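Here the structure comes first, spelled out in structure tokens, and everything after it is commentary.
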Amino acid sequence: MGHIRPSQPSGGSRPMRRLRLFALAAAAIATAFPALAECRGDDFLTRLEATHPELAARLAAADSQPYARGRFWLAEREGRSGILFGTFHSPDPAVATLPPGLAEAIAGARRVVVEALPEEQQRLQQLMAANPAMFLNTGGPTLDRLLSPEELDGLARVIGAYGMPMQVAVQMQPWFLNMLMATPPCLMADMAAGRPMLDERVIAAAQAAGVPVEGLERIEDALRIYRDAPAAWQLQLLRLNIALSHLSDELMVAGQRLYLAEEIWRIWMLNEVLVEALGLQEELGPLVADFYRRALVARNRAWLPGIRRALEAGGAVIAVGALHLAGPDSIQAMLEGEGWRFTRLGPDGRPHAADPAPASEPPAQKKNR
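Just remember that the working numbering sits 4 ahead of the position in the sequence shown, which is counted from 1.
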């Protein structure tokens, strides 16, 4: 069934009507999630093996890439050491509980470095309240004129799960909807209920130990991943998000399973093999590759000076999304040329049992005041 273009309410200028709609959307999003269920899904990885064994084999081959496995790393150079830890953005206790070795490292650290400080989320809310026009399409055709009837049907299903009225969604900037849909509705429910994710638990542990916490980016930096992309790119990514929306829970569950198995690079490769499994490689493969460059490679390079300073000062624990610590463009790969060496650690903070023993045991992190 096709979509009827939203009728214009009577009274007031068009910009003011859009601002009122935006306020309605913000209120709806803020109250919608507690009724949603936790992330659940079929075993997508097992199904992939059954339906596309060649793609499942390609996913397994991802382990041959640098830093493909592992989420807990000791960094060492010339007597300096620090910890790198890869997080997974989920409040599920299976992944949101601090491993004992990480808790010990935080307690003994001189500083803890995270992607962004908690106040950046508050700044996003303030930015939306102060400048809603940034998020609205005020100059060009709206989405009800850019998407096909089938795509609009899909968008209505997706955006309804976020509590946003369709009449508002079609007037939003595509980049904002892409950013919103980067977090599955099931996770948004947990966030709205105040269930802390691993990143937040890292910050809380540091604060409890009296360890200073620093952020690598501000909210404006995170927005640029989506906002600064060409308009055609934004629209194409929105179409991809709509096409994959029915798999959002399954993919979150699969990502969590891979994270717990420390098969981190496979989490990224899952995006590539999924596009192929759906027969969309020619159309969307370049988009996935470009998103990798924007969301991972470019951010790693932007974060590198802050990470470098923290490691060189000694005694740092750096906790960022696990994908930033995996693969050929990982933080570790970028630092190797500067003489840093990395040892994979197990949950207890000791060298990982599956790896050869290093030349030296990782020293306990002591505050060097």
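Note that CB positions come from ideal geometry on N, CA and C, so glycine has one too. Quick caveat: nothing in here was measured; it's all calculated off a predicted structure.
Cα-Cα separation between H356 and G318, rounded to whole angstroms: For the purposes of this step, residue 356 is identified with residue 352 of the sequence shown, where counting begins at 1. For the purposes of this step, residue 318 is identified with residue 314 of the sequence shown, where counting begins at 1. H356 and G318: Cα-Cα distance of roughly 22 Å.
A137 in three-state terms, based on DSSP: To locate residue 137, count along the sequence shown from 1; it is residue 133. The answer is helix: DSSP assigns A137 an H, G or I state.
From Q240, A196, P189, I311, residue whose alpha carbon lies closest to that of L255: Here residue 255 refers to the residue found at position 251 of the sequence shown. Answer by Cα proximity: P189.
Reduced DSSP secondary structure (H/G/I, E/B, other) of S152: Start at 1 with the first residue of the sequence shown, and residue 152 comes out as number 148. Residue state, collapsed to three classes: coil.
Bridge-paired residues (DSSP) for M170: The count along the sequence shown starts at 1 and reaches residue 170 at position 166. In the DSSP output, where bridge partners are listed per residue, M170 has none listed.
Cβ-based burial, N135 [other Cβ within 10 Å; buried from 16]: On the sequence shown, residue 135 is found 131 positions in, with the first residue counted as 1. Its Cβ having fewer than 16 others within 10 Å, N135 is exposed.
Ranges of the beta strand (DSSP E) found wholly within the region 55-82, counting only runs of at least 3: 76-81
Stretch-stretch touch, CB-based, cutoff 8 Å, three pairs: the region 76-89 with the region 278-287: no
Cα-Cα separation, G353 to G90: Taking the first residue of the sequence shown as position 1, residue 353 is located at position 349. Taking the first residue of the sequence shown as position 1, residue 90 is located at position 86. For G353 and G90, the distance between alpha carbons rounds to 13 Å.
The beta strand (DSSP E) enclosing G219, as first and last residue numbers: One-based indexing of the sequence shown puts residue 219 at position 215. Segment 217-219, the beta strand (DSSP E) holding G219.
Integer-rounded CB distance, given that L88 should sit under 8 Å from W77: In the sequence shown, counting from the first residue as 1, residue 77 sits at position 73. In the sequence shown, counting from the first residue as 1, residue 88 sits at position 84. Their Cβ separation, rounded to whole angstroms, is 4 Å, which keeps W77 and L88 in contact under 8 Å.
Segment contact flag, the region 268-283 with the region 218-229, C-beta cutoff 8 Å, min 3 pairs: no
Residue interval of the beta strand (DSSP E) (run including S252): Within the sequence shown, numbered from 1, the residue matching residue 252 stands at position 248. No beta strand (DSSP E) contains S252, which is instead part of the alpha helix (DSSP H) from 252-264.
Top-ranked residue by Cα proximity to G289, from R73, N275, A302, V301: Taking the first residue of the sequence shown as 1, we reach residue 289 at position 285. When only C-alpha atoms are compared, the closest one is N275.
Which of helix, strand or coil DSSP assigns to F48: As a position in the sequence shown, residue 48 is number 44, starting the count at 1. The answer is helix: DSSP assigns F48 an H, G or I state.
Length of the line joining the Cα atoms of A113 and I207: Mapped onto the sequence shown, residue 113 falls at position 109. Mapped onto the sequence shown, residue 207 falls at position 203. Distance between the alpha carbons of A113 and I207 is about 12 Å.
Contacts around V279, its chain only, beta-carbon distance under 7 Å, and the 5 residues preceding and following it disregarded: In the sequence shown, the residue the question calls residue 279 occupies position 275. Counting only Cβ-Cβ distances below 7 Å, and skipping sequence neighbours, we find Q285, L288, G289, V292.
Limits of the unbroken beta strand (DSSP E) element including G86: For the purposes of this step, residue 86 is identified with residue 82 of the sequence shown, where counting begins at 1. From DSSP, the beta strand (DSSP E) with G86 extends over 84-91.
Given 8 Å, three or more beta-carbon pairs between the region 210-220 and the region 141-158: no
G105 classed as buried or exposed, judged by whether at least 16 other C-beta atoms fall within 10 angstroms: As a working mapping, residue 105 is identified with position 101 in the sequence shown. With 16 or more Cβ atoms within 10 Å of its Cβ, G105 is classed as buried.
G325, buried or exposed, once every other Cβ within 10 Å from all chains shown has been counted against 16: Position 321 of the sequence shown, counted from the start, is the residue given in the question as residue 325. G325 comes out buried.
Reduced DSSP category for G214 - H, G, I as helix; E, B as strand; rest coil: As a position in the sequence shown, residue 214 is number 210, starting the count at 1. Of the three classes helix, strand and coil, the one that applies to G214 here is coil, per DSSP.
Same chain, Cβ closer than 6 Å to D46, five either side skipped, listed in chain order: What you label residue 46 is simply residue 42 of the sequence shown in a count that begins at 1. Excluding residues within five positions, the ones whose Cβ falls inside 6 Å are E254.
At least 3 beta-carbon pairs within less than 8 Å: the region 338-348 vs the region 126-142: no
Proximity below 8 Å, CB of A314 to CB of I322: Reading the sequence shown from its first residue, position 310 is the one you call residue 314. Reading the sequence shown from its first residue, position 318 is the one you call residue 322. For A314 and I322, yes; Cβs fall inside 8 Å.
Same chain only: Cβ atoms within 8 Å of F139, ignoring 5 sequence neighbours per side: Numbered from 1 along the sequence shown, position 135 holds the residue referred to as residue 139. Once the five neighbours on either side are set aside, the close Cβ partners of F139 are F26, M132, M176, Q177, F180.
Where the beta strand (DSSP E) containing A323 begins and where it ends: Locating residue 323 in the sequence shown gives position 319, where the first residue counts as 1. Taken as a continuous stretch (DSSP letters only), the beta strand (DSSP E) holding A323 covers 320-325.
V162 versus A247 - alpha carbon distance: Along the sequence shown, read from residue 1 onward, the residue named residue 162 stands at position 158. Along the sequence shown, read from residue 1 onward, the residue named residue 247 stands at position 243. If you take the alpha carbons of V162 and A247, they lie about 10 Å apart.
Beta-carbon spacing of V4, L121 below 8 Å: Residue 4 falls outside the range modelled here, since the chain spans only 5 to 373, and no answer is possible.
Own chain partners of L1 with C-beta closer than 7 Å, once the 5 adjacent residues on each side are dropped: It is not possible to answer for residue 1, since the shown part of the chain is limited to 5 through 373.
Which of helix, strand or coil DSSP assigns to R348: Position 344 of the sequence shown holds residue 348. Note: R348 maps to strand in three-state DSSP.
Cβ shell of Q336 (< 8 Å), same chain only, five flanking positions each side left out: Taking the first residue of the sequence shown as position 1, residue 336 is located at position 332. P70, Y71, W77, A79, L88, L329, W344, F346.
Limits of the unbroken alpha helix (DSSP H) element including V292: For the purposes of this step, residue 292 is taken as the residue at position 288 of the sequence shown. It spans 285-296 - the alpha helix (DSSP H) in which V292 sits, taken as one unbroken run.
Those residues which DSSP pairs with D115 across a bridge: Translated into positions along the sequence shown, residue 115 becomes position 111. Sequence inspection shows Arg at residue 115; the Asp mentioned does not correspond to that position. R115 pairs with A320.
Rounded C-alpha distance that separates L349 from H56: Within the sequence shown, residue 349 is the residue found at index 345, counting from 1. Within the sequence shown, residue 56 is the residue found at index 52, counting from 1. Straight-line Cα distance between these residues: approximately 33 Å.
Candidates A299, H93, A358, Q260, of which the one nearest S379 by Cα: Residue 379 is absent from the model: the chain starts at 5 and stops at 373.
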